[in-house]
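See below for the structure under consideration.
Number of protein chains: 2
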Amino acid sequence: MKKATDFFFDALANKNRFNILMHLRNKEICAGELQKNLGIGQTNLSHDLKCLLNCGFIIMRKDGRKRVYKINTETKGLVDEVAKHVKIYERYLKKCGILKEEKNGRI
Amino acid sequence: MKKATDFFFDALANKNRFNILMHLRNKEICAGELQKNLGIGQTNLSHDLKCLLNCGFIIMRKDGRKRVYKINTETKGLVDEVAKHVKIYERYLKKCGILKEEKNGRI
DNA sequence: TTTATATATGATAAAAATATCATATAATCA
DNA sequence: TGATTATATGATATTTTTATCATATATAAA
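Residue numbers (the working numbering), protein chains in the order written: chain V, 1 to 107; chain L, 1001 to 1107.
As C-alpha cells, then:
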C-alpha cells in the first residue's frame, strides 16, 4: 500500500509536472499557453494539470473556455527549495554513475 | 539530455533511497543495520547507498569491514522540508486519482 | 443549432526505473 | 593463507511510469 510520501514524489518527480510548477512560480497561466511554452502534448498536459490540481499543488479558475492555473503558496516554497538544492548538488548529480545519464541510455 | 533537476528527482524520489535518508536524519548507521531496519535487499541497498553517496547527499567512513553512513546538513534540511509538505498535502495526495493507488494496480 | 476552440478522458503502447541474480572485492580473523 | 563477514558490481528480468491515440465534453461564437 502506497504512503503519502510515495504519492508526493510520484506527483512532483515528474519532469513535465515539475516544469509546470516552475512555470507557475510567478504567474497564472492557462493550459494552452503552458502547452506552447513547455512543448508538452495536449493530452499529457491535461493529465498532468489534473494531477497537480487533485494533489492540491495548484488551483484553477475558469475564464471563458480557458482554464487558468496558479500555484499555491506552500508548493511555491517547496519548488524554490528544490531549485536551491539542485543548484548546490548539480555537479555531483551529473556524475553519479548510478542514475542513468540519458533516458533509455547506458550508464 | 538530462538536466540536474532530472537527476535530483531520480535520486531522491526513489522509495528506498528516500527511506535511507529518513533513517539517517538523526544518526549514523552502517549498511548492514540499514538493511535490517529497512528490509531492503543487500544488492539494492548497496546500489542505493552508492547513488546517494555519489550525489553528495550522504557521506561515508569505513570502520573495520563496515561502512558507516551519515546524511549531510543540506540534505537533512531538504528531507525535513519534504516531510513537512507531505504532511500538509497528505489527504489530497491519497485521493489524486491520476497517480496510481497501488504499484501495478488500477486507479 | 452548427461549428470551432479549449480541454478532458480512458485505453494501450512505449519507455524507463527498480529488483534480482550471479559473482566480485575488501577487510578481518583463525 | 584460507575462511568468513560485509559490501560492491554489472547484466538482465520485472515492474512501473510516461507518452500516445482515439474520442469525449464544455464553452462560446457564428
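Cβ atoms here follow ideal geometry from the backbone N, Cα and C, with glycine treated the same way. Keep in mind that this is a model prediction, so the values were computed, not measured.
Interface flag for V/MET1 against chain L is set, since a Cβ pair is found closer than 9 angstroms.
Interface annotation, L/ILE1088: in contact with chain V, CB-CB separation under 9 angstroms. No Cβ of chain L is located within less than 9 angstroms of the beta carbon of V/ILE29. Listed by position along chain L, the residues whose Cβ is nearer than 7 angstroms to that of V/LEU93 are ALA1004, PHE1007, PHE1008, ALA1011 and CYS1055. If you look at L/ILE1058, you'll find it in the beta strand (DSSP E) that goes 1058 to 1063. By the neighbour-count definition (other C-beta atoms within 10 Å, threshold 16), L/THR1005 is a buried residue.
In the three-state reduction of the DSSP assignment, L/ARG1025 falls in the coil class.
The CB of L/HIS1047 comes closer than 7 angstroms to the CB of ILE98 in chain V, given here in chain order.
In the structure shown, V/LYS84 falls within a helical segment according to DSSP collapsed to helix, strand and coil. At least one CB of chain V lies nearer than 9 angstroms to the CB of L/GLU1101. For V/TYR69, the beta-bridge partners assigned by DSSP are V/ILE29 and V/MET60. Distance from the CA atom of V/GLY77 to the CA atom of V/PHE57, rounded to whole angstroms, is 11 angstroms. Between the C-alpha atoms of L/LYS1002 and V/GLU90 there is a straight-line separation of about 12 angstroms. Annotation for L/ASN1016: LEU1038, ILE1040, ASN1044, LEU1045 and ASP1048 place their beta carbon closer than 8 angstroms to its own, counting only its chain and skipping 5 residues before and after. Excluding sequence positions up to five before and after L/GLN1042, its CB lies within less than 7 angstroms of the CB of GLN1035, all in the same chain and listed in chain order. What V/LEU78 touches in chain L, judged by beta-carbon distance under 7 angstroms, is GLU1081 and HIS1085, going in chain order. Just so you know, the alpha carbons of V/TYR92 and V/PHE18 end up roughly 21 angstroms apart.
V/THR73 is classed as exposed because its beta carbon has fewer than 16 other beta carbons within 10 Å across all chains shown. The continuous alpha helix (DSSP H) containing L/ALA1004 extends over residues 1004 to 1012.
Per the coordinates, the alpha-carbon of L/VAL1079 lies some 20 angstroms from the alpha-carbon of V/MET22.
For L/LYS1015, the C-beta contacts it makes with chain V under 7 angstroms involve ASP6, in order along the chain. Taking the beta carbon of L/GLU1074 as reference, the chain V residues within 7 angstroms of it are HIS85 and ILE88, listed in sequence order. Residue-level contact check: L/LYS1070 does not touch chain V, since none of the beta carbons of chain V fall below 9 angstroms from its beta carbon.
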